[in-house]
Amino acid sequence: MTMAVTAGRTAINPRAAVLAYLAVSGIVYLLMMLLGLTMRLAQAQWIDAPPNFFYVVMTMHGAGMVGIAGLSSAAVMWHFVRRYVPVSTAVFLTNLVFFLIGAVFILGAGFIGGFGAAWTFLFPLPAHSGGLWSVNAAASYLIGLLFIGVGFLLLHLDIARGILSTYGGLGAALGVKQAFGLAPGEEGPPPAVTASTMALIANILGILVGAAVLVISLVNLYVPSFTFNALAAKNLIYYFGHTFINVTIYMAVIAVYEILPVYTHRKWKTNWAFYLAWVLSTVFVLTVYTHHLLMDFAMPTWTLVAGQVISWLSGLPVLLVTAFGTLTVVYRSGLRWNPAAALVFLGVAGWAIGVIPAIADGTIAVNSVMHNTQWVPGHFHTYLLLGMVAMVLGFMTYLTNPQPRYGFAWLGYWLYLVGGVIFVIAFLLAGAASVPRRYAVHVAQWLPYDRMGSIGAAVAIAGVLILVARFFVGIRTAASVQDPT
Amino acid sequence: MIQDVVWSVSIILMGCLALVFIWVATGASVAIANYGPVIDTAYRARVWLFGLALAVLIGTNYKTVGELPYINTLPKLPAAAVQPAQVVAEQWLWTITPSTFKVGQTAEFYVTSKDVNHGFALYDPDFRIVAETQAMPGYTNVLRYTFTEPGTYQVLCLEYCGVAHHAMKAEIKVTDH
Chain U
208 MTMAVTAGRT AINPRAAVLA YLAVSGIVYL LMMLLGLTMR LAQAQWIDAP
258 PNFFYVVMTM HGAGMVGIAG LSSAAVMWHF VRRYVPVSTA VFLTNLVFFL
308 IGAVFILGAG FIGGFGAAWT FLFPLPAHSG GLWSVNAAAS YLIGLLFIGV
358 GFLLLHLDIA RGILSTYGGL GAALGVKQAF GLAPGEEGPP PAVTASTMAL
408 IANILGILVG AAVLVISLVN LYVPSFTFNA LAAKNLIYYF GHTFINVTIY
458 MAVIAVYEIL PVYTHRKWKT NWAFYLAWVL STVFVLTVYT HHLLMDFAMP
508 TWTLVAGQVI SWLSGLPVLL VTAFGTLTVV YRSGLRWNPA AALVFLGVAG
558 WAIGVIPAIA DGTIAVNSVM HNTQWVPGHF HTYLLLGMVA MVLGFMTYLT
608 NPQPRYGFAW LGYWLYLVGG VIFVIAFLLA GAASVPRRYA VHVAQWLPYD
658 RMGSIGAAVA IAGVLILVAR FFVGIRTAAS VQDPT
Chain L
34 MIQDVVWSVS IILMGCLALV FIWVATGASV AIANYGPVID TAYRARVWLF
84 GLALAVLIGT NYKTVGELPY INTLPKLPAA AVQPAQVVAE QWLWTITPST
134 FKVGQTAEFY VTSKDVNHGF ALYDPDFRIV AETQAMPGYT NVLRYTFTEP
184 GTYQVLCLEY CGVAHHAMKA EIKVTDH
């Protein structure tokens, strides 16, 4: 990372700051993937892992992956949105510092304190450890999440400041007028601004809700007589958790809008349908979380029916606008494929394809027999591992310009793709066979799925290792060059 | 079973969508001179796709929303036609009373928890899930299920509840007579 000191102030190279985010992301993704592989190998009975260790690993994998998904996709968003609105590099780096502090608290809670209540910390499980972790370990985990949330809150508020100073309002930056035909689509904000606006609206609300339930859980740890309604807490947790992880895809997809046109020499067409899709996606992301509660029969029925219908509706903008737009931008464009373009293209494919099993699981009749089976990690790994992560890896490859070593990057790409497909199909097959998710110990008849998943995970990780290694090889020169655009 | 239908439909649709991406990717290197008419055709096709997607969405939701598992949406049954059963979850065991039923009998499980969130998942003798609900402290969820085949059903916990989550199991016997 390069820094120049001017007039007593530290002027930080914004591009270097983005690369710092991506360097952390590359390392954390690999470490978290290794934790994931550890779980699959343990379930496959190819390694021995005691249940208490397994559940710590599971908790760290979940929290680490959700956190790094947020961090890496925020790097994509910030890199591109700063072309259009003024943002602060200091605030951007402050988020990274908060993230790292939070990570220390969380890792300490897990690997020193033995905290293993899953990343979703469903109230009141953190306070019911069965003697396996202390109150302080649980508190360390919750405080770690709070640090990470505060960092993201600052980042989104700073981007909101920049957007408001340029566009005058969030509605204008989202393209609301264009969405409803009140202004020409061609005159709307750039896609990076629209996506960043959606992300900040959703994440600011989600993080505030998350902070509330984290504080409630913290107080409950030290004052057990202070209790809270478990169903209300579950609502708050899933509102925050669903929003945060869902928004990572909407931040990462900015890489697709910005990178594919560079290689296809076609402008991303922003018409009324594009803006309407983003306006609707904003509403859907903020209202769809009840599809996580379909088996909570005590919820008002209308909220669960709404969760199902909105789950289905939220697939439409993804499939008919982003996926369709990607296909039309690439179709017979004369594009000479390179790993960066291929990765962001794969990212859209993974996202769109993952929508299908996700919608299935969001249907109450299906959820009644597939809730919390391995179908769930099957669908979310499809649109996260092969969707959002592919977009981030594409962005990393794009920034570090791998032309002299395309062959090396292509090897990484194919290993990642083939391994990833095997890995997610193993989960989906197991889900259809009623294999539960989050089980440390599997019965004999589930082992074939676990072994297939282990092999897929190992191959995918080898691919990601190559892509991340390639990123580090190019990082020094990338910090000092201009964007390929 | 519904899981098999969901798997088949999902994998076919996922495969079709993947083929579209592969088709576009493999043809991308050949540039067309006149992109305008192509994009116009694509946008017209999108209108049809939107109509098709909307029809599938409305049809499927109309059908499935009419078949909800929630007790307040199910027809009331005479008391004699239902066998109630109390289900209490706690780390890490199930207490199910009674735990023996007859084929053809409709059970209503009153499911609650003493401590944290648990998931009540009923596995049939072939070890496939046939019904689920959450077990929550402070709430009682009522799950209705009619047993259609004899044998040993298993109850597994499907909401992560701590270190012995995977060992939290119980059995329900269903007899012919």
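Each protein sequence line maps, in turn, to chains U and L. If you're matching positions, the first sequence starts at 208 in this note's numbering and goes up one per residue. If you're matching positions, the second sequence starts at 34 in this note's numbering and goes up one per residue. Every residue, glycine too, gets a C-beta built ideally from N, C-alpha and C.
Segment contact, 8 Å Cβ cut-off, at least three pairs: the region 266–273 of chain U with the region 314–330 of chain U
yes
Proximity test, Cβ basis, 9 Å: L:Val-115 and chain U
Position 82 of the second sequence, counted from the first residue, corresponds to residue 115 of chain L. Cβ-Cβ to chain U under 9 Å: no for L:Val-115.
Are any of the Cβ atoms in chain U nearer than 9 Å to that of L:Phe-54?
The residue labelled residue 54 of chain L in the question sits at position 21 within the second sequence. Yes, because at least one Cβ of chain U sits closer than 9 Å to the Cβ of L:Phe-54.
Does chain L have any CB closer than 9 Å to the CB of U:Gln-252?
Stepping through the first sequence from its first residue, residue 252 of chain U is reached at position 45. Not closer than 9 Å to any Cβ of chain L, the Cβ of U:Gln-252 fails to qualify, so no.
Sequence-distant residues of its chain with Cβ nearer than 6 Å to U:Phe-678 (five each side left out)
Position 471 of the first sequence, counted from the first residue, corresponds to residue 678 of chain U. Taken in chain order, the residues that qualify are Gly-233, Met-603 and Thr-607.
What in chain L is Cβ-close to U:Gly-693, meaning under 9 Å?
Past the edges of chain U, shown from 208 to 692, lies residue 693 of chain U, and the structure says nothing about it.
Under the three-state DSSP convention, the category U:Ser-641 falls into
One-based indexing of the first sequence puts residue 641 of chain U at position 434. U:Ser-641: coil per DSSP, three-state reduction.
Should L:Ile-1 be flagged as near chain U, meaning a C-beta pair shorter than 9 Å?
Lying outside 34 to 210, the shown extent of chain L, residue 1 of chain L is not represented and no answer is given.
Using a Cβ cut-off of 7 Å, pull out every chain L residue sitting near U:Tyr-464, in sequence order please.
Taking the first sequence and counting its residues from 1, the one referred to as residue 464 of chain U is at position 257. In chain order: nothing, as chain L lies at least about 17 Å away.
Taking only beta carbons into account, state which residues of the region 423–448 of chain U come closer than 8 Å to chain L, listed in chain order.
Asn-436, Ala-437, Leu-438 and Lys-441
Short of 9 Å Cβ to Cβ, which residues in the region 163–184 of chain L face chain U?
Val-163, Ala-164, Glu-165, Thr-166, Gln-167, Met-169, Pro-170, Gly-171, Tyr-172, Thr-173, Asn-174, Val-175 and Leu-176
Determine whether the Cβ of L:Trp-125 lies closer than 9 Å to any Cβ atom of chain U.
As a position in the second sequence, residue 125 of chain L is number 92, starting the count at 1. Yes, contact with chain U.
Leaving aside the five residues before and after U:Ser-200 along the sequence, list all residues of the same chain whose C-beta is less than 8 Å from its C-beta, in chain order.
Any answer about residue 200 of chain U is impossible in this case: the structure gives chain U only from 208 up to 692.
At a CB-CB cut-off below 8 Å, which residues of chain L make contact with U:Gln-515?
Translated into the one-based positions of the first sequence, residue 515 of chain U becomes position 308. Within 8 Å Cβ-Cβ: Asn-94, Thr-97 and Val-98.
Assigned exposure category for L:Ile-205 - 16 Cβ within 10 Å defines buried
Translated into the one-based positions of the second sequence, residue 205 of chain L becomes position 172. Buried, because 16 or more other Cβ atoms sit within 10 Å of the Cβ of L:Ile-205.
Name the chain U residues whose beta carbon is nearer than 7 Å to that of L:Ile-72?
Locating residue 72 of chain L in the second sequence gives position 39, where the first residue counts as 1. Neighbours of L:Ile-72 on chain U, chain order: Thr-535.
Which value, in whole angstroms, describes the spacing of the CA atoms of U:Ala-344 and U:Gly-321?
Looking up residue 344 of chain U in the first sequence gives position 137. Looking up residue 321 of chain U in the first sequence gives position 114. Looking at the two C-alpha atoms, the distance is approximately 7 Å.
Taking C-beta to C-beta, are U:Ala-409 and U:Leu-493 nearer than 9 Å?
Translated into the one-based positions of the first sequence, residue 409 of chain U becomes position 202. Translated into the one-based positions of the first sequence, residue 493 of chain U becomes position 286. For U:Ala-409 and U:Leu-493, yes; Cβs fall inside 9 Å.
Any beta-carbon of chain U closer than 9 Å to the one on L:Ala-58?
Against the second sequence, residue 58 of chain L aligns to sequence position 25. Cβ-Cβ to chain U under 9 Å: yes for L:Ala-58.
For U:Ala-224, I'd like the list of residues in its chain whose CB is within less than 6 Å of its CB, leaving aside the five on either flank, ordered along the chain.
Translated into the one-based positions of the first sequence, residue 224 of chain U becomes position 17. Closer than 6 Å at the Cβ level, and outside the excluded window around U:Ala-224, lie Thr-296, Phe-299 and Leu-300.
Please decide whether L:Gln-36 counts as near chain U, where near means a Cβ-Cβ distance under 9 Å.
In the second sequence, counting from the first residue as 1, residue 36 of chain L sits at position 3. It does: the Cβ of L:Gln-36 has a partner Cβ on chain U nearer than 9 Å.
Taking only the alpha-carbon atoms, compute the straight-line gap between U:Val-383 and U:Leu-415 and give it to the nearest angstrom.
For the purposes of this step, residue 383 of chain U is taken as the residue at position 176 of the first sequence. For the purposes of this step, residue 415 of chain U is taken as the residue at position 208 of the first sequence. Cα-Cα distance, rounded: 25 Å.
L:Gln-116 bridges to which residues according to DSSP?
As a working note, residue 116 of chain L is residue 83 in the second sequence. Its beta-bridge partners are L:Ala-140.
Start and end residues, beta strand (DSSP E) containing L:Ala-280
Given that chain L is displayed from residue 34 to residue 210, the structure contains no residue 280 of chain L and the question cannot be resolved.
Let me see if you follow: with CB-CB separation under 9 Å, is U:Trp-475 close to chain L or not?
On the first sequence, residue 475 of chain U is found 268 positions in, with the first residue counted as 1. It does not; no Cβ of chain L falls within 9 Å.
Closest by CA to L:Arg-208, which one among L:Gly-195, L:Leu-189, L:Gln-187 and L:Pro-183?
On the second sequence, position 175 is the one that residue 208 of chain L refers to. For clarity, residue 208 of chain L is Thr in the given sequence; the question names Arg instead. Closest by alpha carbon: L:Pro-183.
Return the CA-CA distance between U:Val-642 and U:Ala-218, expressed in angstroms with no decimal places.
Residue numbering aside, residue 642 of chain U sits at position 435 when the first sequence is read from its first letter. Residue numbering aside, residue 218 of chain U sits at position 11 when the first sequence is read from its first letter. U:Val-642 and U:Ala-218: Cα-Cα distance of roughly 53 Å.
Straight-line Cα distance separating U:Ile-673 from U:Gly-614:
Translated into the one-based positions of the first sequence, residue 614 of chain U becomes position 407. Translated into the one-based positions of the first sequence, residue 673 of chain U becomes position 466. Cα to Cα, the separation comes out at about 11 Å.
Quick one: complete alpha helix (DSSP H) runs, 4+ long, within the region 540–587 of chain U?
546–568 and 571–577
DSSP state of U:Gly-269 mapped onto helix, strand, coil:
Indexing the first sequence from 1 puts residue 269 of chain U at position 62. U:Gly-269: helix per DSSP, three-state reduction.
Provide the residue(s) that pair with U:Tyr-620 in DSSP beta bridges, ordered along the chain.
For the purposes of this step, residue 620 of chain U is taken as the residue at position 413 of the first sequence. Paired residue(s): none; U:Tyr-620 is not in a bridge.
Mind listing which residues of the region 636–666 of chain U have their C-beta closer than 9 Å to chain L's C-betas, in chain order?
Leu-636, Gly-638, Ala-639, Ala-640, Ser-641, Pro-643, Arg-644, Arg-645, Tyr-646, Ala-647, Val-648, His-649, Val-650 and Gln-652
In this structure, what does DSSP give as the bridge partners for L:Ser-146?
Taking the first residue of the second sequence as position 1, residue 146 of chain L is located at position 113. Paired residue(s): L:Ala-122 and L:Pro-170.
Mind pulling the chain L residues with CB within less than 9 Å of U:Gly-337?
Here residue 337 of chain U is taken as the residue at index 130 of the first sequence, counted from 1. Those are Gln-124, Trp-125, Gly-195, Val-196 and Ala-197, listed as they occur along chain L.
Three Cβ pairs or more, each shorter than 8 Å: is that satisfied between the region 183–193 of chain L and the region 148–155 of chain L?
yes
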